[in-house]
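Peer 1:
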Amino acid sequence: MRNTLVIAGKELQGYFVQPVAYVVLTVFLLLAGWFFFALLRQFDEMVQLIQMMGQTQQLQNMNLNTRVIDPLLHDLSIVLVIVMPALTMRVFAEEKRTGTYELLLTAPVRTGEIVAGKFIAAACFTLIMIALAWIFPLILMVFGNPEVGVMFAGYLALALLAVTFVAVGLFSSSLTQNQIIAAISSFGLLILLFVISWPAEAGGGRAWALLKYLSLPDHFSTMVRGVIDTSDIVFFLSVTIVALFMTQRSVESARWR
Amino acid sequence: MIEVKDLSKSYGNFVAVQNISFKAESGQILGFLGPNGAGKTTTMRIITGYMPASSGTVVIDGLDIFTNSLEARRRIGYLPEIPPLYSDMRIEAYLRFVAKLRNVKRAAVESAVDHVMEVCGLSSMAGRICGQLSKGYRQRVGVAQALIHDPPVLVLDEPTIGLDPRQIHEIRELIRSLAGKRTIVLSTHILPEVSQICDRVVIINDGRLVLEEQLSEIPAGTSLEEVFLQAIAKETNETTLSAEETLEEVGAGHSN
């Protein structure tokens, strides 16, 4: 446990001295701000239009949660697909390239501890990033009257999604010493998680149902709508655990080759 | 202290190391010699548990590096061929990290860091960023991280490579001063280095052991160069040419 925390602490400090992490953070928040601005403006336009037409009844249906936060979170999930591989690509690949991998693997530390430490650090950084994006719900709460519970569920979904992406990114990074290869393969895996159910849309037997279960957007949308279902949380946690397990195997494989 | 037995390692069809056996007793400095590409780094990586052997065993202080890996690794300090520095960390922070990674007790971390910085002449450099260090200082930080947990076994892969003559002298002095209670294995292709600091020499060529001897047993008047070249020439006649090349390299090393 101490080894895990030692590695996590060192890695987390590393994120705050690396330009890549700041670029990821900036791109994520800038785009989030832009989406928020756009969605809010559309919302405002529509409210004014409805008022001009005097249909006050309709105003009851205008909802900040479904019109602003819901699409914002969906947009951010796509932004994460693009920026998370950039954040995680160096985690193992760079150590292999610079030779520090030799230090890690000859230290009296288990490979599981190495993987856990690196995962905790990357997940912490990502959660900080998502916590900063909580500024948008705050703005809405000051000037409007959104449902806090639903927004909370949505952000929980985004956090789970991001942590899953971290685990997938670590796995890709553990396969290679080339950061570009790591980034592109984790990008591919993340996209696959989004489209994996497509062949099953036409229906079919049990095997197709499994593909449908693996479809990430379904689980994400349910939570963003404010429904916290255990099966959705289990989905994100299982993908994370499987990816971390595969990472551990991949790091450990240096010892059997 | 270190016992290597019938060690072989192949990568696919390429055999890097073949049936190497040697021993280093406690307190000895063992020079691991061989031309470039002879399998020195591979052997050292296996000894330190970085990669497994295809066959054969390595026993450190009675512990097998493969089956009892964590305990065995605890006893080793290792300087790889390229010093394993994190380029965005400061020297002090880096050494503190390695100390914790090497299971130095929490209360002893600061004193261990101060101690190795002093021993390796880094005290005035504590705040410098590893990525901006010169080759010589990178090497010193590499030695410092290998020493930080006061290991009974030190494995140094070409510790003086790429250093200027004064730095070579300093590192050699440092290694000599570290001996005594420690067992040190150091690889090099600079012969005078071995005669200056080692007690025992192991020569490998083309992945095979060609000589294992106490330096004191080498007859007076015979230089290590002759022993080395003879040992390698005996192997196969074809390798004589590359041995001559090695001699030139040795000459260059000597003039340092």
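Line by line, the protein sequences are chains D and Z. With this note's numbering applied, the first sequence corresponds to residues 744 to 1000, in that order. With this note's numbering applied, the second sequence corresponds to residues 45 to 300, in that order. Where is the CB? At the ideal position from N, CA and C, for every residue including glycine. The structure presented is a predicted model; accordingly, all values stated were derived computationally and were not measured.
What number of angstroms, rounded off, separates the C-alpha of Glu754(D) from the C-alpha of Arg833(D)?
Peer 2: Position 11 of the first sequence, counted from the first residue, corresponds to residue 754(D). Position 90 of the first sequence, counted from the first residue, corresponds to residue 833(D). Answer to the nearest angstrom: the Cα atoms are 11 Å apart.
Peer 1: How about Phe272(Z) and Leu77(Z): do their beta carbons lie closer than 8 Å?
Peer 2: Counting from 1 along the second sequence, the entry for residue 272(Z) is found at position 228. Counting from 1 along the second sequence, the entry for residue 77(Z) is found at position 33. Yes, the Cβ-Cβ distance between Phe272(Z) and Leu77(Z) is below 8 Å.
Peer 1: Taking the beta strand (DSSP E) that Thr965(D) falls in, what are its first and last residues?
Peer 2: Taking the first residue of the first sequence as 1, we reach residue 965(D) at position 222. Where Thr965(D) is concerned, there is no enclosing beta strand (DSSP E), although the alpha helix (DSSP H) it sits in stretches over 959-967.
Peer 1: For His53(Z), which of helix, strand or coil comes out of DSSP?
Peer 2: Here residue 53(Z) refers to the residue found at position 9 of the second sequence. Per the sequence presented here, residue 53(Z) reads as Lys, with His not at that position. Strand.
Peer 1: Taking the C-alpha atoms as reference points, what is the distance between Leu773(D) and Ser964(D)?
Peer 2: Taking the first residue of the first sequence as position 1, residue 773(D) is located at position 30. Taking the first residue of the first sequence as position 1, residue 964(D) is located at position 221. If I take the Cα positions, the gap works out to 23 Å.
Peer 1: What residue does the beta strand (DSSP E) around Lys25(Z) start on, and which one ends it?
Peer 2: This structure cannot speak to residue 25(Z), because chain Z is shown only from 45 to 300.
Peer 1: Can you tell me whether DSSP reads Thr769(D) as helix, strand or coil?
Peer 2: One-based indexing of the first sequence puts residue 769(D) at position 26. DSSP places Thr769(D) in helix when its eight states are reduced to three.
Peer 1: May I ask you to report which of helix, strand or coil DSSP gives His298(Z)?
Peer 2: Numbered from its first residue, the second sequence carries residue 298(Z) at position 254. Unreliable positioning characterises His298(Z) in this predicted model, as indicated by a pLDDT of 48, which lies under 50. The coordinate reading is nonetheless provided below. His298(Z) falls in the helix class under three-state DSSP.
Peer 1: Considering just the uninterrupted stretch of the beta strand (DSSP E) at Tyr122(Z), what are its terminal residues?
Peer 2: As a first step, residue 122(Z) is located in the second sequence; it is residue number 78 there, counting from the start. Counting along the chain, the beta strand (DSSP E) containing Tyr122(Z) begins and ends at 120-123.
Peer 1: Listed from N- to C-terminal order along the chain, which residues in the stretch 843-856 of chain D have their beta-carbon within a distance smaller than 9 Å of any beta-carbon of chain Z?
Peer 2: Hits within the stretch, in order: Thr843, Tyr844, Glu845, Leu846, Leu847, Leu848, Thr849, Ala850, Pro851, Val852, Arg853.
Peer 1: Between Arg117(Z) and Pro196(Z), how many whole angstroms is the CB-CB distance? I'm expecting something under 8 Å.
Peer 2: Position 73 of the second sequence, counted from the first residue, corresponds to residue 117(Z). Position 152 of the second sequence, counted from the first residue, corresponds to residue 196(Z). 12 Å between Cβ atoms; not a contact.
Peer 1: State the start and end residues of the unbroken beta strand (DSSP E) segment that holds Phe359(Z).
Peer 2: Since the first residue shown for chain Z is 45 and the last is 300, residue 359(Z) is missing from the structure and cannot be characterised.
Peer 1: DSSP state of Glu256(Z), grouped into three classes?
Peer 2: Working through the second sequence from its first residue, we reach residue 256(Z) at position 212. The answer is strand: DSSP assigns Glu256(Z) an E or B state.
Peer 1: Return the residue from the list Asp975(D), Glu788(D), Leu847(D), Trp877(D) that minimises the CA-CA distance to Ile812(D).
Peer 2: Looking up residue 812(D) in the first sequence gives position 69. Of Asp975(D), Glu788(D), Leu847(D), Trp877(D), the residue nearest in Cα terms is Trp877(D).
Peer 1: Start and end of the alpha helix (DSSP H) containing Val885(D)?
Peer 2: Taking the first sequence and counting its residues from 1, the one referred to as residue 885(D) is at position 142. Taken as a continuous stretch (DSSP letters only), the alpha helix (DSSP H) holding Val885(D) covers 878-886.
Peer 1: If we ignore side chains and look at the alpha-carbon of each, how far apart do Tyr94(Z) and Thr831(D) end up?
Peer 2: One-based indexing of the second sequence puts residue 94(Z) at position 50. One-based indexing of the first sequence puts residue 831(D) at position 88. Their backbone Cα atoms lie some 24 Å apart in a straight line.
Peer 1: Is the shortest distance between the beta-carbon of Met95(Z) and the beta-carbons of chain D less than 8 Å?
Peer 2: Residue 95(Z) sits at position 51 when you count from the first residue of the second sequence. At least one chain D Cβ lies under 8 Å of Met95(Z).
Peer 1: Any idea which residues DSSP pairs Thr101(Z) with across the strands?
Peer 2: Taking the first residue of the second sequence as position 1, residue 101(Z) is located at position 57. DSSP lists Lys49(Z) as partners of Thr101(Z).
Peer 1: How would you list, in chain order, the residues of chain Z whose beta-carbon sits under 9 Å from the beta-carbon of Arg998(D)?
Peer 2: In the first sequence, counting from the first residue as 1, residue 998(D) sits at position 255. Residues of chain Z passing the Cβ test: Gly93, Tyr94, Met95, Pro96, Phe110, Ser113.
Peer 1: For the alpha helix (DSSP H) containing Val343(Z), name the first residue and the last one.
Peer 2: With chain Z running from 45 to 300 in the structure shown, residue 343(Z) is simply not present.
Peer 1: Taking C-beta pairs closer than 7 Å, name the residues in chain D that Tyr130(Z) reaches, listed in chain order.
Peer 2: The residue you call residue 130(Z) lines up with position 86 of the second sequence. The answer, in chain order, is Thr843.
Peer 1: Would Glu697(D) be called buried (16 or more neighbouring beta carbons within 10 Å of its own) or exposed?
Peer 2: This structure cannot settle anything about residue 697(D), because the visible part of chain D is limited to 744 through 1000.
Peer 1: If we ignore side chains and look at the alpha-carbon of each, how far apart do Gln189(Z) and Ser178(Z) end up?
Peer 2: On the second sequence, position 145 is the one that residue 189(Z) refers to. On the second sequence, position 134 is the one that residue 178(Z) refers to. For Gln189(Z) and Ser178(Z), the distance between alpha carbons rounds to 17 Å.
Peer 1: I need the straight-line Cα distance from Ile227(Z) to Val826(D), nearest angstrom please.
Peer 2: As a working note, residue 227(Z) is residue 183 in the second sequence. As a working note, residue 826(D) is residue 83 in the first sequence. Looking at the sequence provided, one finds Thr at residue 227(Z) rather than Ile. When rounded, the distance between both Cα atoms is 48 Å.
Peer 1: Alpha carbon to alpha carbon, how far is Asn804(D) from Phe771(D)?
Peer 2: Here the question's residue 804(D) lines up with position 61 in the first sequence. Here the question's residue 771(D) lines up with position 28 in the first sequence. Going from the Cα of Asn804(D) to the Cα of Phe771(D) covers about 30 Å.
Peer 1: Run through the DSSP bridge pairs and tell me what Thr227(Z) is partnered with.
Peer 2: Along the second sequence, one-based indexing puts residue 227(Z) at 183. For Thr227(Z), which the question treats as bridged, DSSP gives the partners Val197(Z).
Peer 1: Which of the three DSSP states, helix, strand or coil, is assigned to Val157(Z)?
Peer 2: Translated into the one-based positions of the second sequence, residue 157(Z) becomes position 113. Val157(Z) falls in the helix class under three-state DSSP.
Peer 1: Per DSSP, Thr232(Z) is paired with what?
Peer 2: Taking the first residue of the second sequence as position 1, residue 232(Z) is located at position 188. Thr232(Z) is bridged to Leu77(Z).
Peer 1: Any contact between the stretch 126-138 of chain Z and the stretch 168-178 of chain Z? By contact I mean 3 or more CB pairs, one from each, below 8 Å.
Peer 2: With a cut-off of 8 Å, the stretch 168-178 of chain Z and the stretch 126-138 of chain Z count as touching, because enough Cβ pairs lie within range.
Peer 1: Name the residues in the stretch 140-154 of chain Z whose C-beta lies less than 8 Å from a C-beta of chain D; which are they?
Peer 2: Of all residues in the stretch 140-154 of chain Z, Phe141, Val142, Lys144, Leu145, Arg146, Asn147 have a Cβ within less than 8 Å of some Cβ in chain D.
Peer 1: With three or more C-beta pairs closer than 8 Å as the rule, is the stretch 141-159 of chain Z touching the stretch 199-219 of chain Z?
Peer 2: With the cut-off at 8 Å, the stretch 199-219 of chain Z and the stretch 141-159 of chain Z do not touch.
Peer 1: Report yes or no: do three or more beta-carbon pairs, one from the stretch 935-953 of chain D and one from the stretch 835-850 of chain D, lie closer than 8 Å?
Peer 2: Taking 8 Å as the limit for Cβ pairs, the verdict is that the stretch 835-850 of chain D does not touch the stretch 935-953 of chain D.
Peer 1: Can you tell me whether Gly897(D) is buried or exposed, with buried defined as 16 or more other CB within 10 angstroms of its CB?
Peer 2: Here the question's residue 897(D) lines up with position 154 in the first sequence. Classification of Gly897(D): buried, given that the 10 Å Cβ count is 16 or more.
Peer 1: What are the boundary residues of the alpha helix (DSSP H) that Leu245(Z) is part of?
Peer 2: Counted from its first residue, the second sequence places residue 245(Z) at position 201. Sequence check: residue 245(Z) is Val here, not Leu. It is not in any alpha helix (DSSP H) - Val245(Z) instead sits in the beta strand (DSSP E) that spans 244-249.
Peer 1: With distances taken Cα to Cα, identify the nearest neighbour of Met161(Z) among Phe58(Z), Arg182(Z), Gln176(Z), Lys149(Z).
Peer 2: For the purposes of this step, residue 161(Z) is identified with residue 117 of the second sequence, where counting begins at 1. Met161(Z) has its Cα closest to that of Arg182(Z), out of Phe58(Z), Arg182(Z), Gln176(Z), Lys149(Z).
Peer 1: Would you identify the three-state DSSP class for Arg833(D), choosing helix, strand or coil?
Peer 2: Taking the first residue of the first sequence as 1, we reach residue 833(D) at position 90. In this structure, Arg833(D) counts as helix in the three-state DSSP scheme.
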